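Chains as they are written, first to last, in the working numbering: chain E, 158 to 399; chain R, 158 to 399.
Note that beta-carbon positions come from the ideal geometry of N, C-alpha and C, so glycine has one too.
A quick note: this is a predicted structure, and the numbers were derived from the prediction, not measured.
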């Protein structure tokens, strides 16, 4: 029997150095809300999404690129100099189709740029759960699920999504990683498929609720409403074409 | 109503810098096996346990201190130059009573020395679960539960113990920490009180099983067989006297 590829989960960017990402598919996870918004924008017809680290870079790229939208929030508000926010609901087809979304976020875009040597970098959230799982199974390569976390602190929503992936793909991988086991147990404990009920007691839910973003978070926790696999090609996230 | 003290869980020494330990009780957790062995040795009458970082330091202190026992393993074997191992079963009363145990371990002793400014540093494992919980409730101070992990990687057994503590003390603390929530959910998922069944699928259980240490791990996961609170006093861990 052929050896199965390996799957591991990294719970925080501050632990990333402990994992070898060479010849590995890295899945960047920032459920609330970067990787949910990325899937939504691409599924709704954006040409691509360019993740950038800073507001300044976002503005500069927005000036350079025709038909671009600059987006990003700091402390729950659209950052000064940008035009749009981090909510997936801001990017329906009639608005985003054919455009380039230049996006900066606190955690997700940072982790995207930290993973350097992976063989492929994709993004995942509940909105594209099945598409991500199908992709990972089809590639037969080692996988690292990378949680964006919150300023390096472990968070529940990204870990829960990692657990949802582990739960679905585990027969196709060799898993000897306690983070993956814990994530899977959390997903099983959470009564699967009802992520948002479980996540209402998370730090990030409480933080974003103070900005009135409950509907946004419910949307981000809804499975498979944006069935695409965003994959990094140079600086751009594009829809993976099998 | 008076504000409750805060409780947080740090899942890896590599995340310790994210937490403020000032005016906080730090609980060092290394279930397999440092903090289980520390509780066993003290409960069985050791004068004190001196946790040290290196084998060389262990040998030097052993030479200096009368009636001392040097102990420590590397890769599942007693380290060269030391006399005893990391197993709690090696320290029955008839052997350890009145002696000083100088102990070096891979993860637990390292974390003990990393926490610098805490108001108190104690050690916890299933063998002294209730004693630790009673102590934390009685002190009415902020608490950080620090998992020793495995070479900075998240592990299941230390997190499960943190969850057992959270589960028991949660009404006495303000908990807005996703790591604490996740640890508590894992403990609830694990069917409480049967830690070892749950931990048989952990990385560390598999690693130590290869050395034939199953009985040791069962012992480390047994609740309340060594009801003492080891507390750091200078360089020495001693039994806390209320």
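For this session: Spell out a yes or no on whether the stretch 203-222 of chain E and the stretch 256-267 of chain E are touching, meaning 3 or more CB-CB pairs, one atom from each, closer than 8 Å.
Result: yes
Exercise. Could you give the distance in angstroms between the alpha-carbon of residue 238 (chain E) and the alpha-carbon of residue 216 (chain E)?
Worked result: Numbered from 1 along the first chain, position 81 holds the residue referred to as residue 238 (chain E). Numbered from 1 along the first chain, position 59 holds the residue referred to as residue 216 (chain E). Their backbone Cα atoms lie some 7 Å apart in a straight line.
Exercise. Using a C-beta cutoff of 8 Å, does residue 163 (chain E) count as contacting chain R?
Worked result: By one-based count along the first chain, residue 163 (chain E) stands at place 6. Taking CB atoms only, residue 163 (chain E) has no neighbour in chain R less than 8 Å away.
Exercise. From what residue to what residue does the alpha helix (DSSP H) around residue 194 (chain R) run?
Worked result: Reading the second chain from its first residue, position 37 is the one you call residue 194 (chain R). Element bounds for residue 194 (chain R): 191-200.
Problem set entry | Alpha-carbon to alpha-carbon, residue 345 (chain E) and residue 330 (chain E) | Translated into positions along the first chain, residue 330 (chain E) becomes position 173. Translated into positions along the first chain, residue 345 (chain E) becomes position 188. Residue 330 (chain E) and residue 345 (chain E): Cα-Cα distance of roughly 18 Å.
Exercise. What does a CB cutoff of less than 8 Å around residue 214 (chain R) pick up in its chain, not counting 5 residues either side in sequence?
Worked result: Walking along the second chain from the start, residue 214 (chain R) turns up at place 57. If we look at residue 214 (chain R) and ignore the five residues flanking it on each side, its Cβ neighbours are 261.
For this session: Tell me whether residue 348 (chain R) is buried or exposed, calling it buried when 16 or more other Cβ atoms sit within 10 Å of its Cβ.
Result: As a position in the second chain, residue 348 (chain R) is number 191, starting the count at 1. Under a 10 Å Cβ-count criterion, residue 348 (chain R) is classified as exposed, with fewer than 16 other Cβ atoms of the shown protein chains found around its own Cβ.
For this session: Could you please tell me which residues of the stretch 316-341 of chain E, in chain order, have their CB closer than 8 Å to any CB of chain R?
Result: Closer than 8 Å at the C-beta level to chain R, one finds these residues of the stretch 316-341 of chain E: 316, 333, 334, 335, 336, 338 and 339.
Exercise. Mind listing which residues of the stretch 276-305 of chain E have their C-beta closer than 9 Å to chain R's C-betas, in chain order?
Worked result: none
For this session: May I ask which residues mark the beginning and end of the beta strand (DSSP E) holding residue 225 (chain R)?
Result: Residue numbering aside, residue 225 (chain R) sits at position 68 when the second chain is read from its first letter. From DSSP, the beta strand (DSSP E) with residue 225 (chain R) extends over 225-231.
Exercise. By DSSP, does residue 167 (chain E) sit in helix, in strand, or in coil?
Worked result: What you label residue 167 (chain E) is simply residue 10 of the first chain in a count that begins at 1. Note: residue 167 (chain E) maps to strand in three-state DSSP.
Problem set entry | residue 388 (chain R) beta carbon less than 8 Å from that of residue 222 (chain R) | Along the second chain, read from residue 1 onward, the residue named residue 222 (chain R) stands at position 65. Along the second chain, read from residue 1 onward, the residue named residue 388 (chain R) stands at position 231. No, the pair does not count as a contact, with Cβ atoms beyond the cut-off.
Problem set entry | Segment contact flag, the stretch 311-323 of chain R with the stretch 168-186 of chain R, C-beta cutoff 8 Å, min 3 pairs | yes
Exercise. Can you name the residues of chain R whose CB is closer than 9 Å to the CB of residue 343 (chain E)?
Worked result: Sequence index remark: in the first chain, residue 343 (chain E) carries index 186 (1-based). Going along chain R in sequence order, the residues near residue 343 (chain E) (Cβ under 9 Å) are 339, 342, 343 and 346.
Exercise. Cα-Cα, which of R:226, R:224, R:225 and R:243 is closest to residue 232 (chain R)?
Worked result: Position 75 of the second chain, counting from 1, holds the residue named residue 232 (chain R). Taking the Cα of residue 232 (chain R) as reference, the smallest distance to any Cα among R:226, R:224, R:225 and R:243 is reached at R:243.
Exercise. By the 10 Å Cβ neighbour count, where 16 or more other Cβ atoms means buried, how is residue 251 (chain E) classified, buried or exposed?
Worked result: Numbered from its first residue, the first chain carries residue 251 (chain E) at position 94. Exposed.
For this session: Can you tell me which of R:291, R:275, R:287 and R:366 puts its alpha carbon nearest to the alpha carbon of residue 382 (chain R)?
Result: As a position in the second chain, residue 382 (chain R) is number 225, starting the count at 1. Taking only the C-alpha atoms, the option nearest residue 382 (chain R) is R:287.
Exercise. According to the Cβ coordinates, are residue 337 (chain R) and residue 170 (chain R) closer than 8 Å?
Worked result: As a first step, residue 337 (chain R) is located in the second chain; it is residue number 180 there, counting from the start. As a first step, residue 170 (chain R) is located in the second chain; it is residue number 13 there, counting from the start. Their beta carbons are not under 8 Å apart, which means residue 337 (chain R) does not touch residue 170 (chain R) by this criterion.
Exercise. Since residue 197 (chain E) contacts residue 284 (chain E) with CB under 8 Å, what's their CB separation in whole angstroms?
Worked result: By one-based count along the first chain, residue 197 (chain E) stands at place 40. By one-based count along the first chain, residue 284 (chain E) stands at place 127. Indeed they touch by this definition, with Cβ atoms about 6 Å apart.
Exercise. Between which two residues does the beta strand (DSSP E) carrying residue 316 (chain E) extend?
Worked result: Reading the first chain from its first residue, position 159 is the one you call residue 316 (chain E). No beta strand (DSSP E) contains residue 316 (chain E), which is instead part of the alpha helix (DSSP H) from 313-326.
Exercise. So with Cβ pairs under 8 Å, would you call residue 264 (chain R) a contact of chain E?
Worked result: Reading the second chain from its first residue, position 107 is the one you call residue 264 (chain R). Residue 264 (chain R) does not count as touching chain E.
Problem set entry | Where residue 247 (chain E) sits in the DSSP three-state scheme | For this step, residue 247 (chain E) is matched to residue 90 along the first chain. It is helical.
Exercise. Residue 303 (chain E) lies in the alpha helix (DSSP H); which residues open and close that run?
Worked result: As a working note, residue 303 (chain E) is residue 146 in the first chain. Premise fails: residue 303 (chain E) lies in the beta strand (DSSP E), 299-304, not in any alpha helix (DSSP H).
Exercise. For residue 199 (chain E), which of E:180, E:172 and E:245 has the nearest alpha-carbon?
Worked result: Here residue 199 (chain E) refers to the residue found at position 42 of the first chain. Among E:180, E:172 and E:245, the Cα nearest to that of residue 199 (chain E) is on E:245.
For this session: Quick one: grab the DSSP three-state call for residue 262 (chain E).
Result: As a first step, residue 262 (chain E) is located in the first chain; it is residue number 105 there, counting from the start. Reduced to three states, the DSSP call for residue 262 (chain E) is coil.
Problem set entry | Residue from E:218, E:310 and E:281 with nearest C-alpha to residue 167 (chain R) | Position 10 of the second chain, counting from 1, holds the residue named residue 167 (chain R). The option with the nearest alpha carbon to residue 167 (chain R) is E:310.
For this session: Note down, in chain order, every chain E residue with its Cβ under 7 Å from the Cβ of residue 171 (chain R).
Result: Along the second chain, one-based indexing puts residue 171 (chain R) at 14. What residue 171 (chain R) touches in chain E: 171 and 172.
For this session: Tell me whether residue 388 (chain R) sits in a helix, a strand or coil according to DSSP, three-state version.
Result: Along the second chain, one-based indexing puts residue 388 (chain R) at 231. In the structure shown, residue 388 (chain R) sits in a strand (DSSP, three-state: E or B).
Exercise. Any idea what DSSP makes of residue 219 (chain R), helix, strand or coil?
Worked result: As a first step, residue 219 (chain R) is located in the second chain; it is residue number 62 there, counting from the start. Here residue 219 (chain R) sits in helix by DSSP.
For this session: Would you identify the three-state DSSP class for residue 293 (chain E), choosing helix, strand or coil?
Result: Counted from its first residue, the first chain places residue 293 (chain E) at position 136. Three-state DSSP puts residue 293 (chain E) in a helix.
For this session: Under 7 Å Cβ to Cβ from residue 375 (chain R), same chain only, skipping five residues before and after it: list those, please.
Result: Residue mapping note: residue 375 (chain R) aligns to position 218 of the second chain, counting from 1. In its chain, beyond the 5 residues on either side, 353 have a beta carbon closer than 7 Å to the beta carbon of residue 375 (chain R).
Exercise. Going along chain R in order, which residues have a C-beta closer than 9 Å to the C-beta of residue 309 (chain E)?
Worked result: Residue 309 (chain E) sits at position 152 when you count from the first residue of the first chain. The answer, in chain order, is 172, 174 and 175.
Exercise. In chain order, what residues of the same chain lie with their CB nearer than 7 Å to the CB of residue 377 (chain E), ignoring the 5 residues before and after it?
Worked result: Along the first chain, one-based indexing puts residue 377 (chain E) at 220. Cβ neighbours of residue 377 (chain E) beyond the five flanking positions: 188, 189, 190, 193, 245, 282, 283 and 284.
For this session: Spell out the partners DSSP gives residue 206 (chain E) in its beta bridges.
Result: Reading the first chain from its first residue, position 49 is the one you call residue 206 (chain E). Note: residue 206 (chain E) sits in a beta bridge opposite E:258 and E:394.
Exercise. If we call anything under 8 Å between Cβ atoms a contact, is residue 298 (chain E) one with residue 162 (chain E)?
Worked result: Numbered from 1 along the first chain, position 141 holds the residue referred to as residue 298 (chain E). Numbered from 1 along the first chain, position 5 holds the residue referred to as residue 162 (chain E). Here residue 298 (chain E) is near residue 162 (chain E), since their CB atoms are less than 8 Å apart.
For this session: Scan the stretch 322-376 of chain R and note each continuous alpha helix (DSSP H) run of 4 residues or more that stays entirely inside, going in chain order.
Result: Secondary structure in the stretch 322-376 of chain R: the alpha helix (DSSP H) runs of 4 residues or longer, each lying completely within the stretch, are 335-346, 352-356 and 360-366 in chain order.
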